[in-house]
Each structure stands twice: as structure tokens, then as C-alpha cells.
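**Q** Be aware that the sequence shown starts at 0, since it is given in numbering that gives the first Met the number 0, and climbs by one per residue. Cβ atoms here follow ideal geometry from the backbone N, Cα and C, with glycine treated the same way. Just so it is clear, the structure is predicted and the values come from calculations on it, not from any experiment.
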Amino acid sequence: MSHIKACIFDLDGVIVDTAVYHFKAWKRLANELGFDFTEEDNEKLKGISRTQSLELILGWGGVSKTDEHKLELATLKNKWYVEMIDEMHPEEILPGTREFLESVRDAGYKTALGSASKNSVKILEKVNLINLFDVIVDGNEVTASKPDPQVFLEGARGLNVNPDECVVFEDAIAGVEAALAAGMKVVGIGSAETLTGADLVVSGLDKVNLETLKGL
Ligand code: BG6
Ligand code: MG
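1. Taking the alpha-carbon positions, what's the leucine 93 to lysine 206 distance?
2. Compute every distance between the C-beta of valine 15 and the non-hydrogen atoms of the ligand MG, then say whether any falls below 7 Å.
3. Buried or exposed for aspartate 9, please, with buried defined as at least 16 other CB atoms from any protein chain shown within 10 angstroms of its CB.
4. Can you tell which of Phe99, Glu54, Leu158, Ala191 has its C-alpha closest to the C-alpha of aspartate 133?
5. Please state whether the Cβ-Cβ distance between phenylalanine 151 and valine 167 is less than 8 Å.
6. Does DSSP classify phenylalanine 168 as helix, strand or coil?
7. Apply the 10 Å Cβ neighbour rule to leucine 100 and answer buried if 16 or more other Cβ atoms are within range, or exposed otherwise.
8. Is aspartate 219 near the ligand BG6 - that is, is its Cβ less than 7 Å away from at least one heavy atom of it?
9. Given the structure, does lysine 64 come close to the ligand MG, in the sense that its CB is under 7 Å from one of the ligand's heavy atoms?
10. Alanine 155 by DSSP, collapsed to three states: which one?
11. Grab me the residues of arginine 97's own chain with a C-beta within less than 7 Å of its C-beta, minus the 5 sequence neighbours each way, in chain order.
12. By the three-class DSSP mapping on this structure, what secondary structure does glycine 174 have?
13. Expressed to the nearest angstrom, what Euclidean distance is found between the alpha-carbon atoms of serine 52 and leucine 123?
14. Which residue wins for smallest C-alpha separation from lysine 23, given the options Tyr80, Thr195, His68, Lys43?
15. By the DSSP assignment, the beta strand (DSSP E) with valine 141 in it spans what residues?
16. One question on the structure: do glutamate 140 and valine 15 come within less than 8 Å of each other, judged by their Cβ atoms?
17. What first and last residue would you give for the alpha helix (DSSP H) that runs through lysine 23?
18. Name the one or two DSSP bridge partners that threonine 110 has.
19. Can you tell me where the alpha helix (DSSP H) holding lysine 69 begins and where it ends?
Spelled out as C-alpha cells, the structure:
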């Protein structure tokens with residue numbers, strides 16, 4: 000018998016597909032610095048913080064910058080990214096997300112967001128989902144990025160449940176590892192080949208329901 004009491008959701012790639020906006024903004028930055036940035040490179044940045052992403056990108060481009068310049072570059076990338084997410088609307092919510100959130104809440108489960116993004120509140124407001132979360136933990140609160148479990152442990156603490164009473168929905172391997180390190184169940188969103196260690200892997204939140212939670 001499952002003893003799950005709470006669902007913790009990653010944002011980018013689980014609730015909305017913002018990877019395309021991250022890609023456009025990082026590519027613009029890389030191009031201005033004189034090198035290219037591919038969709039394949041972008042895949043490696045899933046679940047990784049803005050600062051760590053920039054470090055990786057500069058490394059791929061063979062470019063070295065001072066800390067001060069890195070901060071300027073990260074700020075510039077975020078400005079371009081925010082210009083795009085400012086135009087987001089509820090039709091961009093990934094299939095089944097609103098329905099699943101509503102059904103788990105109606106059934107008495109608590110809900111939290113556990114994201115590396117510092118833009119999570121803006122995105123949830125733009126797509127009109129903010130009211131479906133009891134607790135939001137994101138890149139503004141955490142000091143250690145996924146695969147560190149901090150973001151999910153903070154979510155459990157905020158919801159007043161034990162880690163083993165939580166299930167995490169995650170599309171990045173760093174996030175799956177973070178959830179496992181937190182002692183939580185994890186449903187991977189994506190491919191089973193990539194998301195090794197997840198208790199279950201599905202293609203999206205349209206493929207899960209209350210029965211899924213009971214089976215964990
Ligand atoms: C994660 C994304 O959710 O948030 C990463 O998967 C991104 O690609 C990270 O770098 C940080 O996002 P932001 O919005 O704070 O730049
Ligand atoms: Mg993600």
C-alpha cells in the first residue's frame with residue numbers, strides 16, 4: 000500500500016517546455032561570443048543552474064572570462080530568456096498537467112514545485128498554474144543544485160511531510176538523482192534509457208493518474 004502524501008514537480012520539461020527558449024537565448028549568447036551552440040549541447044543543460052550552464056558553455060567554446068564578465072553574460076542571457084517567457088500563455092502547459100495537478104489536489108495530496116529556475120514564479124503566473132502549488136522551492140532558495148537533494152528536501156519540509164512520503168516528477172537525470180538522494184520515489188518524464196533509476200518512466204503527465212501514485 001502506497002504511503003505517498005505529496006507530489007513534487009520539476010518545472011522546465013515537466014510542466015512547460017521552456018528548453019526551446021533556453022536554447023535560443025544560450026545560442027544567441029554563444030554566437031555573440033564567436034562560437035556555435037547546438038540542440039545537443041542544450042540537452043546537457045537540463046536541470047543545471049544558470050551559472051553552471053554558462054560555465055559549461057564557455058568551456059565548450061574554449062572561452063575564458065572573469066567572474067565579473069560571467070555575471071554580465073548570465074544576466075544578458077536571462078534578459079533574452081525573460082523576454083521570451085514574458086510572452087508565454089496557458090496553451091503552452093504540457094498535456095495533462097493541469098488535469099493531473101487538479102486531480103491529485105482534489106484527492107488530498109499536497110503539491111510542491113522543485114525547480115532549479117529562478118524564473119519559476121513568473122512562468123507559473125504566465126501559464127496560470129501558480130494556485131495549484133502549496134509550496135514553491137526554486138533556484139532563488141537553494142544553495143546546492145541538482146543532483147544535490149536540497150531542492151526536494153526543502154519542498155518536503157515546506158509541505159510538512161517526510162521525504163519517503165513524496166514522489167518527484169522529473170525530466171532531467173540530475174533531477175532523478177536528486178530525488179533518489181532525497182529518499183523519494185521518482186517518476187521520470189522522458190526516456191527510460193536516460194532516466195535510469197526512476198521508479199517509473201512515462202512520456203508526460205498525461206500518462207499518469209491517481210492509480211499511478213497508489214502503485215508506487
Ligand atoms: C532548469 C532548466 O529547470 O532551470 C535549466 O532545466 C536551467 O536548463 C535552470 O538552466 C535555471 O533556470 P533559470 O530560469 O534560473 O535561468
Ligand atoms: Mg526539467
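**A** The short version:
1. Taking C-alpha positions only, leucine 93 is separated from lysine 206 by approximately 12 Å.
2. Result no, Cβ not under 7 Å from the ligand MG.
3. Classification of aspartate 9: buried, given that the 10 Å Cβ count is 16 or more.
4. Minimum Cα-Cα distance from aspartate 133 among the listed residues Phe99, Glu54, Leu158, Ala191 corresponds to Leu158.
5. Against a cut-off of 8 Å, the Cβ pair of valine 167 and phenylalanine 151 comes out as a contact.
6. For phenylalanine 168, the three-state secondary structure derived from DSSP is strand.
7. Result: buried.
8. What is shown of the chain runs 0 to 215, which leaves residue 219 out entirely.
9. False, no ligand heavy atom lies under 7 Å from that Cβ.
10. Three-state DSSP puts alanine 155 in a helix.
11. So the qualifying residues of the chain are Leu128.
12. Correct three-state label for glycine 174: helix.
13. Distance from the CA of serine 52 to the CA of leucine 123, rounded to the nearest whole angstrom, comes to 22 Å.
14. Checking every option, the nearest Cα to that of lysine 23 belongs to Tyr80.
15. Here valine 141 belongs to no beta strand (DSSP E), and DSSP marks it neither H nor E.
16. Contact flag unset, no.
17. 18 to 32 is the span of the alpha helix (DSSP H), which, as asked, contains lysine 23.
18. According to DSSP, residue pairing for threonine 110 in a beta bridge involves Cys6.
19. Its alpha helix (DSSP H) spans residues 66 to 84.
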